[in-house]
């Protein structure tokens with residue numbers, strides 16, 4: 001069963017953690033491009049969020065082992081990050097289950113529509129494609145040294161379609177499996193469009209409920225423990241309040257307008273992404289592929305395949 005994890009945008013109002021099993025990519029909120037960026041004041045750590053964004057109105061300095069909402073949720077591992085959030089695997093101690101936790105930056109918490117749109121999707125009568133949209137489990141605000149942040153909880157996803165395909169013997173889905181995945185994907189995107197919502201997010205495989213039977217220690221034993229990296233200022237000065245002492249590394253090929261336009265992503269951009277996903281599911285390799293991709297290399301690859 002698919003889990004279409006959406007970066008939700010209302011048209012009318014313009015978890016990859018892959019330590020062998022889990023994946024929940026952060027959804028990217030579409031923001032205007034910047035021409036230049038100041039030099040970081042921290043030692044470079046690859047595959048983590050922008051450390052310079054741990055400042056007032058920025059990221060919430062969450063750590064593994066932290067507990068939220070009167071100790072109901074305990075953070076177990078990191079699933080991913082994005083330009084306006086970090087995503088974590090947490091244990092719901094009250095319900096004895098695992099959940100994906102997205103903590104949105106303080107500035108984005110004021111205007112993101114994700115927390116408000118997800119409940120409305122959940123209230124829609126059952127329809128074709130609704131079953132692949134993850135439900136909202138919980139949401140609340142948390143206050144920290146960098147201001148107030150929205151927290152969103154959904155069921156955790158297992159892995160990306162890419163990881164699942166790479167794990168197969170030949171790097172291919174069986175034809176009937178590919179057809180089933182494509183059908184569910186089309187139904188899911190069609191359902192979101194029928195609710196005037198642009199997807200613009202990720203396609204993940206759902207976990208079986210049996211995962212909840214693993215204790216935290218059993219989970220770490222089976223899939224590995226979180227790997228921390230110390231945060232160090234280049235000038236060796238002490239870290240400021242609100243900056244993490246260590247970060248965790250989670251175990252682009254979007255449509256051209258994602259790079260060249262400052263407008264919110266639209267329904268046509270979803271069709272572009274859907275077509276690319278169908279190609280990759282049915283075939284052996286992605287339609288657009290580059291090793292260590294940059295925005296320029298991805299664009300060049302798109303021009304090479306499609307022309308100008």
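Residue numbers (UniProt numbering): 1 to 308.
Built from N, CA and C at the ideal position, the CB exists for glycine as well.
For residue 184, the first and last residue of its enclosing beta strand (DSSP E): Your numbering for residue 184 matches position 184 in the chain shown. Taken as a continuous stretch (DSSP letters only), residue 184 belongs to no beta strand (DSSP E), being part of the alpha helix (DSSP H) at 175-194.
Which word fits residue 307, buried or exposed, when buried means at least 16 other C-beta atoms lie within 10 angstroms of its C-beta? Start at 1 with the first residue of the chain shown, and residue 307 comes out as number 307. Exposed.
Check each candidate in 150, 79, 118, 142 and name the one with the smallest Cα separation from residue 136. Counting from one through the chain shown, the residue named residue 136 turns up at place 136. For residue 136, the nearest C-alpha among the options comes from 118.
Would you check if there are 3 or more beta carbon pairs closer than 8 Å linking the stretch 130-147 to the stretch 231-249? yes
State buried or exposed for residue 49, treating a residue as buried only when at least 16 other CB atoms are found within 10 Å of its CB. Residue numbering aside, residue 49 sits at position 49 when the chain shown is read from its first letter. Residue 49 comes out buried.
Which partner residues of residue 114 appear in the DSSP bridge assignment? The residue labelled residue 114 in the question sits at position 114 within the chain shown. BP columns for residue 114 are empty, so no partner.
Should residue 235 be labelled buried (16 or more other beta-carbon atoms within 10 Å of its own) or exposed? Translated into positions along the chain shown, residue 235 becomes position 235. By the neighbour-count rule (16 or more Cβ atoms within 10 Å), residue 235 is not buried but exposed.
Span of the beta strand (DSSP E) around residue 102: Within the chain shown, the letter at position 102 stands for residue 102. Where residue 102 is concerned, the enclosing beta strand (DSSP E) stretches over 97-104.
In three-state DSSP terms, what is residue 237? Here residue 237 refers to the residue found at position 237 when the chain shown is read from its first residue. Residue 237 falls in the coil class under three-state DSSP.
For residue 82, which of 281, 250, 300, 282 has the nearest alpha-carbon? Taking the first residue of the chain shown as 1, we reach residue 82 at position 82. Out of 281, 250, 300, 282, 250 has the C-alpha closest to the C-alpha of residue 82.
Determine the direct distance from the alpha carbon of residue 64 to that of residue 78, and round the result to whole angstroms. Stepping through the chain shown from its first residue, residue 78 is reached at position 78. Stepping through the chain shown from its first residue, residue 64 is reached at position 64. The straight-line gap from Cα to Cα measures roughly 8 Å.
Is the beta carbon of residue 192 closer than 8 Å to that of residue 153? Stepping through the chain shown from its first residue, residue 153 is reached at position 153. Stepping through the chain shown from its first residue, residue 192 is reached at position 192. Result no, Cβ atoms of residue 153 and residue 192 do not sit closer than 8 Å.
Residue 91, buried or exposed, once every other Cβ within 10 Å from all chains shown has been counted against 16: On the chain shown, residue 91 is found 91 positions in, with the first residue counted as 1. Residue 91 should be labelled buried.
Return the CA-CA distance between residue 86 and residue 138, expressed in angstroms with no decimal places. As a working note, residue 86 is residue 86 in the chain shown. As a working note, residue 138 is residue 138 in the chain shown. If you take the alpha carbons of residue 86 and residue 138, they lie about 16 Å apart.
Residue 190 and residue 129: beta carbons closer than 8 Å? Here residue 190 is taken as the residue at index 190 of the chain shown, counted from 1. Here residue 129 is taken as the residue at index 129 of the chain shown, counted from 1. Going by C-beta atoms, residue 190 is nearer than 8 Å to residue 129.
When you compare each of 44, 68, 40, 212 to residue 55 by their alpha carbons, which one comes out closest? Counting from 1 along the chain shown, the entry for residue 55 is found at position 55. Nearest C-alpha to residue 55: 40.
Measure the alpha-carbon distance for residue 76 versus residue 227 and round it to whole angstroms. Here residue 76 is taken as the residue at index 76 of the chain shown, counted from 1. Here residue 227 is taken as the residue at index 227 of the chain shown, counted from 1. Roughly 12 Å separates the two Cα atoms.
Based on Cα-Cα distance, which residue from 45, 43, 280 lies nearest to residue 166? One-based indexing of the chain shown puts residue 166 at position 166. Answer by Cα proximity: 280.
For residue 210, the nearest candidate out of 105, 171, 155 (CA to CA): Along the chain shown, read from residue 1 onward, the residue named residue 210 stands at position 210. It is 155.
Determine the contact status of residue 309 and residue 93, defining contact as a CB-CB distance below 8 Å. Shown here, the chain extends from 1 to 308; a query on residue 309 therefore has no answer.
Using a Cβ-Cβ cutoff of less than 8 Å, which residues in the same chain neighbour residue 53 once the five nearest sequence positions on both sides are dropped? In the chain shown, counting from the first residue as 1, residue 53 sits at position 53. Cβ neighbours of residue 53 beyond the five flanking positions: 59, 105.
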